[in-house]
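Undergrad:
Protein chains: 2
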Amino acid sequence: MQFELLKTDKESSARAGIIHTDHGDIHTPIFMPVGTQASVKAVHQSELESIIKAQIILGNTYHLFLRPGNEILNRVGGLHSFMNWKKPILTDSGGYQVFSLSARRKVKAEGVYFSSHIDGSKHLFTPESVVDTQRILGSDIMMALDECPAYPCTKPAARKSLEITKAWLERGIAHFKNTEPLYGHDQIFVPIAQGSIYDDLRIESLQFNGQFKTPVQAIGGLSVGEPAEDLYRLVHLSTQHMSVDNARYLMGVGTPANILECISAGIDMFDCVLPSRNARHGILFTTQGIMNIRNKKWKDDFKPIDEGIQCPTSNNHSKAYLRHLFVSGEILGMQIATLQNLSFYLHLVSQAREMIFIDKFQEWKNAILQVINQRL
Amino acid sequence: MQFELLKTDKESSARAGIIHTDHGDIHTPIFMPVGTQASVKAVHQSELESIIKAQIILGNTYHLFLRPGNEILNRVGGLHSFMNWKKPILTDSGGYQVFSLSARRKVKAEGVYFSSHIDGSKHLFTPESVVDTQRILGSDIMMALDECPAYPCTKPAARKSLEITKAWLERGIAHFKNTEPLYGHDQIFVPIAQGSIYDDLRIESLQFNGQFKTPVQAIGGLSVGEPAEDLYRLVHLSTQHMSVDNARYLMGVGTPANILECISAGIDMFDCVLPSRNARHGILFTTQGIMNIRNKKWKDDFKPIDEGIQCPTSNNHSKAYLRHLFVSGEILGMQIATLQNLSFYLHLVSQAREMIFIDKFQEWKNAILQVINQRL
Numbered sequence: 030m031q032f033e034l035l036k037t038d039k040e041s042s043a044r045a046g047i048i049h050t051d052h053g054d055i056h057t058p059i060f061m062p063v064g065t066q067a068s069v070k071a072v073h074q075s076e077l078e079s080i081i082k083a084q085i086i087l088g089n090t091y092h093l094f095l096r097p098g099n100e101i102l103n104r105v106g107g108l109h110s111f112m113n114w115k116k117p118i119l120t121d122s123g124g125y126q127v128f129s130l131s132a133r134r135k136v137k138a139e140g141v142y143f144s145s146h147i148d149g150s151k152h153l154f155t156p157e158s159v160v161d162t163q164r165i166l167g168s169d170i171m172m173a174l175d176e177c178p179a180y181p182c183t184k185p186a187a188r189k190s191l192e193i194t195k196a197w198l199e200r201g202i203a204h205f206k207n208t209e210p211l212y213g214h215d216q217i218f219v220p221i222a223q224g225s226i227y228d229d230l231r232i233e234s235l236q237f238n239g240q241f242k243t244p245v246q247a248i249g250g251l252s253v254g255e256p257a258e259d260l261y262r263l264v265h266l267s268t269q270h271m272s273v274d275n276a277r278y279l280m281g282v283g284t285p286a287n288i289l290e291c292i293s294a295g296i297d298m299f300d301c302v303l304p305s306r307n308a309r310h311g312i313l314f315t316t317q318g319i320m321n322i323r324n325k326k327w328k329d330d331f332k333p334i335d336e337g338i339q340c341p342t343s344n345n346h347s348k349a350y351l352r353h354l355f356v357s358g359e360i361l362g363m364q365i366a367t368l369q370n371l372s373f374y375l376h377l378v379s380q381a382r383e384m385i386f387i388d389k390f391q392e393w394k395n396a397i398l399q400v401i402n403q404r405l
Numbered sequence: 030m031q032f033e034l035l036k037t038d039k040e041s042s043a044r045a046g047i048i049h050t051d052h053g054d055i056h057t058p059i060f061m062p063v064g065t066q067a068s069v070k071a072v073h074q075s076e077l078e079s080i081i082k083a084q085i086i087l088g089n090t091y092h093l094f095l096r097p098g099n100e101i102l103n104r105v106g107g108l109h110s111f112m113n114w115k116k117p118i119l120t121d122s123g124g125y126q127v128f129s130l131s132a133r134r135k136v137k138a139e140g141v142y143f144s145s146h147i148d149g150s151k152h153l154f155t156p157e158s159v160v161d162t163q164r165i166l167g168s169d170i171m172m173a174l175d176e177c178p179a180y181p182c183t184k185p186a187a188r189k190s191l192e193i194t195k196a197w198l199e200r201g202i203a204h205f206k207n208t209e210p211l212y213g214h215d216q217i218f219v220p221i222a223q224g225s226i227y228d229d230l231r232i233e234s235l236q237f238n239g240q241f242k243t244p245v246q247a248i249g250g251l252s253v254g255e256p257a258e259d260l261y262r263l264v265h266l267s268t269q270h271m272s273v274d275n276a277r278y279l280m281g282v283g284t285p286a287n288i289l290e291c292i293s294a295g296i297d298m299f300d301c302v303l304p305s306r307n308a309r310h311g312i313l314f315t316t317q318g319i320m321n322i323r324n325k326k327w328k329d330d331f332k333p334i335d336e337g338i339q340c341p342t343s344n345n346h347s348k349a350y351l352r353h354l355f356v357s358g359e360i361l362g363m364q365i366a367t368l369q370n371l372s373f374y375l376h377l378v379s380q381a382r383e384m385i386f387i388d389k390f391q392e393w394k395n396a397i398l399q400v401i402n403q404r405l
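As structure tokens, this is what we get:
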């Protein structure tokens, strides 16, 4: 696997590139829809490919380890085969979900002990075991086990946490090198920078991670409750300490505005549950702005949901119809809204990429933010 | 609108025909997916058309009258326009839902008073008002307001109820003749036979309804809890008292076995929530038999859900994957299962039609029932 930098914007740090994988190319900057439990909620894989135009999706190791579990995933030949998805997949290490979902977790030097949020069963994730699980998942891009400190976090606690993350990374890298892909396609292993909101810890973490020269480098532990200014400051700081030769992945971010700002800072890859989760609650991101489709004002708006993107359901169904589906509790409402939000996110990063190539990214970004940030 | 009888099976009363409507032809025998609130739950309209191959769908007047309501539906130009569905639509009169869903209903000579199950608001449906509402809905096939007696029902009560249904039909027919379609396409009005499980009442009702010579004639009040023998006996009896020149619609039926048996009795049209509702609970109807996909036995069955029908999700996804989606509470499970069940139902009636044309219906039916009735 290899990242190819094609173009850097003249007025910002925004970049356009390609990540070459055995499951196809990924054109960056890219947004990756989240398929937590082997499904991007409420959309078919065929819709992900043909309507949303997803180039890569995420799977969550924590969830998949618990259900359907490694035995099933191994026997079926990995996650691509299990869910019938032929394009690239990135899996996280499971660490983040252990910290956010599971009960009675305990971090020790060897790894993290936790109880399943489903049935209370006890498990241990180690830097090595999550490599093994991701080998079984067969994801194209595997993530290192890290510890993600909550926000706010004192500096001594952030320092201590970073030491764990660094030690785990070394063990993960070693185990990654000692193991082979199971299904014949290449997999890479990606370190995650931590350090809470402390500039020096962030820089230290990035420099430590950079020595492994992995084709993708990730920034974790942001968008966990800190103010937007901290997010932007730390992302701009971080990309300055990351090699231009690697793709840069900002984990768990964010709103359309967050994404455009972080693209301008030189981020290449994003994932977030926001567009799909908000869709299921009737909050739509559109080329005209943000709307709560349950609002009474849409009850007789018979114009299309969004004509600005290529999404047949959004082009052909009215706001009034979608509102009716939500008010009536129809599943189809969540389906149509998810197609809208994810199509819009992929449209947005695709537009950003085009603008980077013609050196109009900053101008376009400043103009479009006025529109897409509006509350309709 | 016109029903064209093309073929009657040599060994049974099964028929193949065409209902010509302004929104296209309907090839009978046909199953009509139920789109209660302007949505066939969990499937896109494009999937109804291209995957399920629905030729006509149902809307429920009771639900649509309450939400989004006549004003919205009138302004948007009817249900076809509102939900962006270009093929035929049949709407019921709302009577059945008034009896099954609403609180404090009261039948009087003028109509039925009821309280909305949504907000308790009070309403009156009359034989005339449901014609007006269905004119606004713009359904190709409109149903008369009837009273559907619960099962069991004493004969005096069934007699009394039938008198109301007959009186309401005369008023409905008169109002239908005095009103015009609102959107330029033809609409027909269909009487419903009642009479509970009493042969003489059923015959009387059918003879009364037959005098109006409508292109479609319906049988209501069955599959409401009576034994299957009663259902089959009454359907076979009923079709003997219905003109061969009209399409015969058996309301609210049923299982795949019910449908094949009633096709052999000469029924042309069916609707039922069973395939879509069961799908959402993980009960699948397939060409191999009936399965509860949540069952542990499917956890490592990596073979396709159903290869016997043309449905990409059922052809491409495994039983193990679909089980995982249900066990994990993923919406996509309901989507895939609904596509399976409705595709299977439409496949079944399409196969039945082919067999009727080549005079092999009975032989095929007896053979296939052994398979599709199996519990897998």
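Chains as they are written, first to last, in my numbering: chain A, 30 to 405; chain B, 30 to 405. By construction, the Cβ of each residue, glycine as well, lies at the ideal position given by its N, Cα and C atoms.
#1: Can you tell which of A:G239, A:A294, A:P244, A:F241 has the C-alpha that lies nearest to the C-alpha of L260 of chain A?
#2: May I ask you to list the residues that DSSP assigns as paired with Y278 of chain A?
#3: Taking the CB atoms as reference points, tell me whether G318 of chain B and V378 of chain B lie closer together than 8 Å.
#4: Kindly confirm or deny that the region 315-333 of chain B and the region 347-367 of chain B touch, where touching means at least three C-beta pairs closer than 8 Å.
#5: Is it buried or exposed for H92 of chain A, if we count other Cβ within 10 angstroms and need 16 for buried?
#6: What residue from B:P220, B:V273, B:L263 has the CA that sits closest to N287 of chain B's CA?
#7: With DSSP collapsed to three states, give me the class of T208 of chain A.
#8: Closer than 7 Å, Cβ to any Cβ of chain E: which residues of the region 333-347 of chain A, in chain order?
#9: CB-CB under 8 Å to G249 of chain B, same chain, minus the five flanking residues each way: which ones, in chain order?
#10: So with CB distances below 9 Å, who are the chain A contacts of Q364 of chain B?
#11: If G239 of chain A and M271 of chain A are in contact, beta carbons under 8 Å, what's the gap, nearest whole angstrom?
#12: From which residue to which residue does the alpha helix (DSSP H) around T37 of chain A run?
#13: DSSP on M384 of chain A, reduced to helix/strand/coil?
#14: Where does F314 of chain B sit, in a helix, a strand or coil, going by DSSP?
#15: What does a CB cutoff of less than 6 Å around T65 of chain B pick up in its chain, not counting 5 residues either side in sequence?
#16: Who are the neighbours of H353 of chain A on chain B, taking C-beta pairs under 7 Å?
#17: Say whether the region 207-218 of chain A touches the region 42-62 of chain A, bearing in mind that this needs 3 or more beta-carbon pairs closer than 8 Å, one atom from each stretch.
#18: Looking at the structure shown, is S293 of chain A part of a helix, part of a strand, or coil, going by DSSP?
#19: Roughly how many whole angstroms lie between the Cα atoms of R200 of chain A and F390 of chain A?
#20: What are the boundary residues of the alpha helix (DSSP H) that V219 of chain A is part of?
#21: Answer with yes or no whether the minimum CB distance from N207 of chain A to chain B is below 8 Å.
#22: Quick check on V409 of chain A: does DSSP put it in helix, strand or coil?
#23: Please give me, in chain order, every unbroken run of the beta strand (DSSP E) with length at least 3 that falls completely inside the region 96-155 of chain B.
#24: Is it buried or exposed, D274 of chain B, if we count other Cβ atoms within 10 angstroms and call 16 or more buried?
#25: Taking buried to mean at least 16 other C-beta atoms within 10 Å of its own C-beta, is K70 of chain A buried or exposed?
#26: Could one say the Cβ of R200 of chain A lies closer than 8 Å to chain B's Cβ atoms, at least one of them?
#27: Return the Cβ separation of S68 of chain A and E359 of chain B in integer angstroms, given the expectation that the two are a contact with Cβ distance under 8 Å.
#28: So, for Q403 of chain A: in the same chain, excluding its five sequence neighbours on each side, which residues have a beta-carbon less than 8 Å away from its beta-carbon?
#29: I'd like to know if I101 of chain B contacts chain A, where contact means its C-beta is closer than 8 Å to some C-beta of that chain.
#30: Out of B:F205, B:Q74, B:Q163, state which residue places its alpha-carbon closest to the alpha-carbon of E100 of chain B.
#31: For V105 of chain A, which residues in chain B fall below 9 Å Cβ to Cβ?
#32: Give me the Cα-Cα distance between V136 of chain B and T194 of chain B, rounded to the nearest whole angstrom.
#33: What residues in its chain sit with their C-beta under 7 Å from that of A187 of chain B, if we drop five residues either side in the sequence?
#34: If you draw a straight line from the alpha carbon of M420 of chain A to that of A247 of chain A, how long is it in whole angstroms?
#35: Do the region 152-167 of chain A and the region 380-388 of chain B touch if we need at least three Cβ pairs shorter than 8 Å?
#36: Can you give me the Cβ contacts of I322 of chain A inside the same chain, cut-off strictly under 6 Å, excluding the 5 residues immediately before and after it?
TA: The relevant details are as follows:
#1: A:A294
#2: A:A247, A:M298
#3: no
#4: yes
#5: buried
#6: B:L263
#7: coil
#8: No chain E appears in the structure shown, which is made up of the protein chains A and B.
#9: Y125, D175, C177, I221, A222, Q223, M280, G281
#10: A71, V72, H73, I360, Q364
#11: 7 Å
#12: Run containing T37 of chain A: none in the alpha helix (DSSP H); it sits in the beta strand (DSSP E), 31-37.
#13: helix
#14: strand
#15: N89, H92
#16: A67, R96, P97
#17: yes
#18: helix
#19: 40 Å
#20: Per DSSP, V219 of chain A belongs to no alpha helix (DSSP H); it is in the beta strand (DSSP E), 217-219.
#21: no
#22: This structure gives no information on residue 409 of chain A, because the portion of chain A shown stretches from 30 to 405.
#23: 118-120, 132-137, 140-144, 151-154
#24: exposed
#25: buried
#26: no
#27: 5 Å
#28: Q317, G318, I319
#29: yes
#30: B:Q163
#31: D329, F331, S347, A349, Y350
#32: 11 Å
#33: P178, G224, S225, Y227, L230
#34: No answer is possible for residue 420 of chain A: the residues shown for chain A start at 30 and end at 405.
#35: no
#36: G311, L313, L351, R352, F355
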